[in-house]
Amino acid sequence: MTHTITLLPGDGIGPEVTDATLQVLEATGVSFEWVRHEDVGTAGVEQHGTPLPEHILASIRKNTIALKGPITTPVGKGFKSVNVQLRQKLDLYANVRPCITMPGIETPFKKVNLIIFRENTEGLYSGMETYDERHDIADSVARISRKGSERIIKFCFDYAEKHGYDLVTVVHKANILKLTSGMFLDIARTFSKDYPKLKFNDRIIDNMCMQLVVRPQEYECIVTTNLFGDILSDLCAGLVGGLGVVAGANLGDEYAVFEAVHGSAPDIAGQNKANPTALIRSAELMLRHLGEVRAADAIRKGLVDTFEKGACKTPDLGGSASTSSFAAYLSERVKDNMGG
Ligand code: NAD
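Residue 120 in the working numbering sits at position 115 of the sequence shown; the count goes up by one each step and never skips.
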């Protein structure tokens, strides 16, 4: 069977880590037809006058699945984040980011096994910002809806139960944001009663940041609103080896977009030194989503073997391998694991 997937390599380090990921996917022997679009973000503006042309959304709607590299968002001005627009327009409400220590990658803590479930379509990313010129005041609306909260919280509890986790933690700021964070917390408390086998607790976001950098092993599934989830997932990436190794999946009821947690890393773009592991692990999540479990396992084992041997590491992990040489090395391990 051939899987038809929309491919958005993105910009910055995106094309480099995407090429590496495609090489590793090819080594699995799984058949893909890639529908590749490079005219997105700044390139979309230059070619079509918009960072997210309609034909790209149509392509994802048709194929239902996309693999995506990072896309740069101008800071403080310019167009609205393509990443946020994709999530909202495709209703990809669950951003799932596993932050799990991998043998062979040195980290301050051992055995961290955290999954962040970030609400992906509302909160402070609703895009409702206004600027009152007369008084020089800017406002952002943090919209939290009952429907939006219920579905991400349910998604997290269901996932925890299905995958054998024991604990769900809801992260909030309900002491200050009594209506928005307060509603999110209330809904989580109510849902927790439907999952008696799961332990449940809550943490205020500032305390949670401290807890995670001191005793991350005490937490498992973390469900939270959009901005807190964005920040916590970078923090948790730092606990398990950095942004170069953490995968992500944006999931909705109809569509799925797989992408790394990291951004376009302009400081290292075009230098063939980015770590492609995060996008490769996102592709591993995509393979599991497609039911290609054997191929996903072959990549997982290939990564563990590669890191445990210490044979091939990119500079962010203390090695000197290039993006392309890492991909070539891992591809051979994956071929071996597929028995080919
Ligand atoms: P970033 O994640 O791009 O980079 C942060 C730091 O981590 C940099 O020092 C970078 O070199 C390093 N890093 C990131 N990925 C790496 C990798 N694979 N290998 C080795 N090192 C890696 O974050 P930023 O600099 O804050 O953002 C840059 C741009 O990316 C911004 O325009 C931002 O909006 C965008 N962004 C996009 C996405 C996305 O497409 N989903 C996510 C986050 C940020």
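We put the beta carbon where it would ideally sit given N, CA and C, even for glycine.
**Message:** Taking its Cβ as the centre, do 16 or more other Cβ atoms sit within 10 Å of P103, making it buried, or is it exposed?
**Reply:** To locate residue 103, count along the sequence shown from 1; it is residue 98. Residue environment analysis places P103 among the buried positions, since at least 16 neighbouring C-beta atoms fall within 10 angstroms of its C-beta.
**Message:** How far does the alpha helix (DSSP H) with T26 in it extend, from its first residue to its last?
**Reply:** What you label residue 26 is simply residue 21 of the sequence shown in a count that begins at 1. 19–33 is the extent of the alpha helix (DSSP H) around T26.
**Request:** Could you please give the first and the last residue of the uninterrupted alpha helix (DSSP H) stretch that includes T7?
**Result:** On the sequence shown, position 2 is the one that residue 7 refers to. Under the DSSP assignment, T7 falls outside any alpha helix (DSSP H), being part of the beta strand (DSSP E) whose first and last residues are 7–13.
**For F189, the first and last residue of its enclosing alpha helix (DSSP H)** = Position 184 of the sequence shown, counting from 1, holds the residue named residue 189. Here the alpha helix (DSSP H) through F189 covers 185–197.
**Request:** Please list the segments of the alpha helix (DSSP H) lying wholly inside the region 47–108, counting only runs of 4 or more residues, in order along the chain.
**Result:** Runs of the alpha helix (DSSP H) inside the region 47–108: 47–53, 59–68, 87–94.
**Message:** Given this structure, state the Cα-to-Cα distance separating P14 from L72, to the nearest angstrom.
**Reply:** The residue given as residue 14 occupies position 9 in the sequence shown. The residue given as residue 72 occupies position 67 in the sequence shown. When rounded, the separation of the alpha-carbon atoms in P14 and L72 is 8 angstroms.
**Item:** Host beta strand (DSSP E) of A179 (start-end)
**Value:** As a first step, residue 179 is located in the sequence shown; it is residue number 174 there, counting from the start. A179 -> no beta strand (DSSP E), and no H or E assigned at all.
**Request:** Per DSSP, which residues does Y136 bridge with? Please list them.
**Result:** Locating residue 136 in the sequence shown gives position 131, where the first residue counts as 1. BP columns for Y136 point to A143.
**Asked** Got a list of residues with beta-carbon closer than 5 angstroms to any non-hydrogen atom of ligand 1, in chain order?
**Response** Per the Cβ criterion, the list is P75, I76, T77, T78, N88, L248, G249, H267, G268, S269, A270, D272, I273, A279, N280, D321.
**Prompt:** Assuming S150 and E127 make a contact with CB atoms under 8 angstroms, what is their CB distance in whole Å?
**Reply:** On the sequence shown, residue 150 is found 145 positions in, with the first residue counted as 1. On the sequence shown, residue 127 is found 122 positions in, with the first residue counted as 1. Right, the Cβ-Cβ distance comes to about 6 angstroms (below 8 angstroms), so this counts as a contact.
**Message:** Checking the sheet assignment: what are the DSSP bridge partners for I120?
**Reply:** Along the sequence shown, one-based indexing puts residue 120 at 115. Paired residues: P103, C226.
**Item:** E155 to L232 span [Cα, whole Å]
**Value:** Taking the first residue of the sequence shown as 1, we reach residue 155 at position 150. Taking the first residue of the sequence shown as 1, we reach residue 232 at position 227. Cα to Cα, E155 sits roughly 17 angstroms from L232.
**Message:** Could you check whether A303 and C317 sit closer than 8 angstroms to each other, using their CB atoms as the reference points?
**Reply:** Residue mapping note: residue 317 aligns to position 312 of the sequence shown, counting from 1. Residue mapping note: residue 303 aligns to position 298 of the sequence shown, counting from 1. It is not a contact, given that the beta carbons lie outside the stated cut-off.
**Request:** Please determine, among F37, G344, Q90, the residue with the shortest C-alpha to C-alpha distance to I61.
**Result:** Taking the first residue of the sequence shown as 1, we reach residue 61 at position 56. For the residues F37, G344, Q90, the minimum Cα distance to I61 belongs to Q90.
**Asked** If you draw a straight line from the alpha carbon of E337 to that of V219, how long is it in whole angstroms?
**Response** Residue 337 sits at position 332 when you count from the first residue of the sequence shown. Residue 219 sits at position 214 when you count from the first residue of the sequence shown. So the two alpha carbons sit approximately 38 angstroms from each other.
**Request:** Check each candidate in R66, V117, A332 and name the one with the smallest Cα separation from K94.
**Result:** Position 89 of the sequence shown holds residue 94. Among R66, V117, A332, the Cα nearest to that of K94 is on R66.
**Request:** Please classify D163: is it buried, with 16 or more other beta-carbons within 10 angstroms of its beta-carbon, or exposed?
**Result:** For this step, residue 163 is matched to residue 158 along the sequence shown. Exposure of D163 is indicated by the presence of fewer than 16 other C-beta atoms within 10 angstroms of its C-beta.
**Prompt:** By a C-beta neighbour count over all protein chains shown, 10 Å radius and 16 as the cutoff for buried, is I10 buried or exposed?
**Reply:** Residue numbering aside, residue 10 sits at position 5 when the sequence shown is read from its first letter. So I10 ends up on the buried side.
**Asked** DSSP on A300, reduced to helix/strand/coil?
**Response** Taking the first residue of the sequence shown as 1, we reach residue 300 at position 295. A300: helix per DSSP, three-state reduction.
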